[in-house]
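Colleague: Just dropping this structure here.
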Amino acid sequence: MNAPQPPKSKAVLIACMPKSGSTFLSSLVAGLPGIRREHLVPSYFRREQELDEAQIKRAFAATDTLRDAFVRGTISAPSRPRGFVAQHHVKHNHETQKLVEAYELVPVFLVRNIYDIVVSLRDHVVKSAPYTAAAYVDEDMLAWPEDQMHGFLVDMAIPWYIHFYVSWWKAEHRLLMTYEDLIADPAREVRRIARFGKLGWDEEVFAAALEQIQGGDKTRKNVGGAGRGDVLTDEMHERVRTFCAYYPDVDFTPIGVK
Numbered sequence: 001m002n003a004p005q006p007p008k009s010k011a012v013l014i015a016c017m018p019k020s021g022s023t024f025l026s027s028l029v030a031g032l033p034g035i036r037r038e039h040l041v042p043s044y045f046r047r048e049q050e051l052d053e054a055q056i057k058r059a060f061a062a063t064d065t066l067r068d069a070f071v072r073g074t075i076s077a078p079s080r081p082r083g084f085v086a087q088h089h090v091k092h093n094h095e096t097q098k099l100v101e102a103y104e105l106v107p108v109f110l111v112r113n114i115y116d117i118v119v120s121l122r123d124h125v126v127k128s129a130p131y132t133a134a135a136y137v138d139e140d141m142l143a144w145p146e147d148q149m150h151g152f153l154v155d156m157a158i159p160w161y162i163h164f165y166v167s168w169w170k171a172e173h174r175l176l177m178t179y180e181d182l183i184a185d186p187a188r189e190v191r192r193i194a195r196f197g198k199l200g201w202d203e204e205v206f207a208a209a210l211e212q213i214q215g216g217d218k219t220r221k222n223v224g225g226a227g228r229g230d231v232l233t234d235e236m237h238e239r240v241r242t243f244c245a246y247y248p249d250v251d252f253t254p255i256g257v258k
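Residue numbers (the UniProt record's numbering): 1 to 258.
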């Protein structure tokens, strides 16, 4: 990978667990002055969402084009284009870190109670789409009883989530955020991103933008209350704890494992 020039724009990477409120969070960030949504992977469907350098370059080039057009007056906008936010279910690894450093991405590590996720993920694959990178779900599995699908996801999908969590937990420079904190106080959590990423907004402008975007349709979210995972059996809970016990140096309390 050739070393790029430092970008003129800011890019927030929301590295997120599936079903952790990432669409809501990225909508909030994209509603801030000069920020828009982007994608940094070539495709989705049944694949790992590894960052793609060509897509990163394209996203920055698009932002630079908008900035130049704004300066020339060929486009009008409430504020100068500043950058973009992208949400991906991407694990941390050596290549991811190289791209984060080379393009000065602002990594936000978004997680949720792991037991609640099992229930929400089951609802998603059954009612919306069976395609998730966390486990291979065939369409003929969608009619399974809830307990059977919950057990399948604990065995087959939760190891992916634990890999994701441990990889980012061990990363040196990232902002940990939980779904529970995000839902409790969205404005506070977006402010944390702005400070962590040194996005540099005037506080008055920032507060006005947050007030506006929290009331907009584009911030719609499916609020899954805490405790949904209580429907899982004790044996399923114990299996999750057993998986996590392989990493005694990792604190799993942010995802509800004690």
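Beta carbons are placed, not taken as given, at the ideal position from N, Cα and C, and that holds for glycine.
Keeping to the same chain, check which residues put their C-beta closer than 7 Å to that of F196; ignore five residues upstream and five downstream.
Modeller: Residue 196 sits at position 196 when you count from the first residue of the sequence shown. Closer than 7 Å at Cβ, skipping near neighbours: V106, L175.
Colleague: Taking its Cβ as the centre, do 16 or more other Cβ atoms sit within 10 Å of N113, making it buried, or is it exposed?
Modeller: As a working note, residue 113 is residue 113 in the sequence shown. Label assigned to N113: buried.
Colleague: If we count the other Cβ atoms within 10 Å of its Cβ and call it buried at 16 or more, is Y179 buried or exposed?
Modeller: Numbered from 1 along the sequence shown, position 179 holds the residue referred to as residue 179. So Y179 ends up on the buried side.
Colleague: Note down the Cα distance separating D52 from N93, rounded to an integer number of angstroms.
Modeller: In the sequence shown, the residue the question calls residue 52 occupies position 52. In the sequence shown, the residue the question calls residue 93 occupies position 93. Approximately 13 Å, taken between the alpha carbons.
Colleague: For R192 and K198, what's the separation of their Cα atoms in angstroms?
Modeller: Your numbering for residue 192 matches position 192 in the sequence shown. Your numbering for residue 198 matches position 198 in the sequence shown. If I take the Cα positions, the gap works out to 10 Å.
Colleague: Any idea what DSSP makes of I75, helix, strand or coil?
Modeller: The residue labelled residue 75 in the question sits at position 75 within the sequence shown. Looking at I75 - three-state DSSP - the assignment turns out to be coil, as it is neither helix nor strand.
Colleague: Just to confirm, does I14 get its C-beta within under 7 Å of one of the non-hydrogen atoms of the ligand ATP?
Modeller: Judged by which ligands are present, the structure shown has none, so any question about the ligand ATP falls away.
Colleague: Which residues in the same chain have their Cβ closer than 6 Å to the Cβ of E38, if we skip the five residues on either side of it in sequence?
Modeller: Residue 38 sits at position 38 when you count from the first residue of the sequence shown. The beta carbon of E38 sits closer than 6 Å to those of A59, F84, A86, all from its chain and outside the five residues before and after it, given in chain order.
Colleague: Of the choices D140, E146, F109, V100, whose alpha-carbon is the least far from that of L121?
Modeller: For the purposes of this step, residue 121 is identified with residue 121 of the sequence shown, where counting begins at 1. Looking at the Cα atoms, E146 is the closest of the given residues.
Colleague: Where does A15 fall in DSSP's three states?
Modeller: Translated into the one-based positions of the sequence shown, residue 15 becomes position 15. A15 falls in the strand class under three-state DSSP.
Colleague: Per the DSSP calculation, A86 is bridged to which residue(s)?
Modeller: The residue given as residue 86 occupies position 86 in the sequence shown. L13.
Colleague: So what does DSSP say about R46, is it helix, strand or coil?
Modeller: Here residue 46 refers to the residue found at position 46 of the sequence shown. Looking at R46 - three-state DSSP - the assignment turns out to be coil, as it is neither helix nor strand.
Colleague: H88 to E101, Cα distance in whole Å?
Modeller: For the purposes of this step, residue 88 is taken as the residue at position 88 of the sequence shown. For the purposes of this step, residue 101 is taken as the residue at position 101 of the sequence shown. So the alpha carbons of these two residues sit roughly 17 Å apart.
Colleague: Quick one: Cα of A129 to Cα of G34, how far?
Modeller: Looking up residue 129 in the sequence shown gives position 129. Looking up residue 34 in the sequence shown gives position 34. Those two C-alpha atoms are separated by around 32 Å.
Colleague: Which of the three DSSP states is assigned to R37 in this structure?
Modeller: Here residue 37 corresponds to residue number 37 of the sequence shown, with the count starting at 1. Strand, per DSSP.
Colleague: Looking only at its chain, what residues have a beta carbon closer than 7 Å to the beta carbon of R47, apart from the 5 residues adjacent to it on each side?
Modeller: Looking up residue 47 in the sequence shown gives position 47. Closer than 7 Å at Cβ, skipping near neighbours: A133.
Colleague: Does DSSP put A61 in a helix, a strand or coil?
Modeller: As a working note, residue 61 is residue 61 in the sequence shown. The answer is helix: DSSP assigns A61 an H, G or I state.
Colleague: Which runs of the beta strand (DSSP E) spanning at least 3 residues fall entirely within the segment 86-136, listed in chain order?
Modeller: 106-111
Colleague: In the DSSP assignment, find the unbroken alpha helix (DSSP H) run with L175 in it and report its ends.
Modeller: Along the sequence shown, one-based indexing puts residue 175 at 175. It is not in any alpha helix (DSSP H) - L175 instead sits in the beta strand (DSSP E) that spans 175-178.
Colleague: With 16 other CB atoms within 10 Å as the buried threshold, where does L25 fall?
Modeller: For this step, residue 25 is matched to residue 25 along the sequence shown. Flag for L25 reads buried.
Colleague: Which residues in the same chain as D217 place their Cβ atom closer than 6 Å to its Cβ, once the five residues preceding and following it in sequence are excluded?
Modeller: What you label residue 217 is simply residue 217 of the sequence shown in a count that begins at 1. With a pLDDT of only 47 at D217, under 50, the local geometry of the prediction cannot be trusted, and the value read off the model is given with reservation. Closer than 6 Å at Cβ, skipping near neighbours: no residue.
Colleague: So is K91 buried or exposed if we call it buried at 16+ other beta carbons inside 10 Å?
Modeller: The residue you call residue 91 lines up with position 91 of the sequence shown. With 16 or more other Cβ atoms within 10 Å, it is buried.
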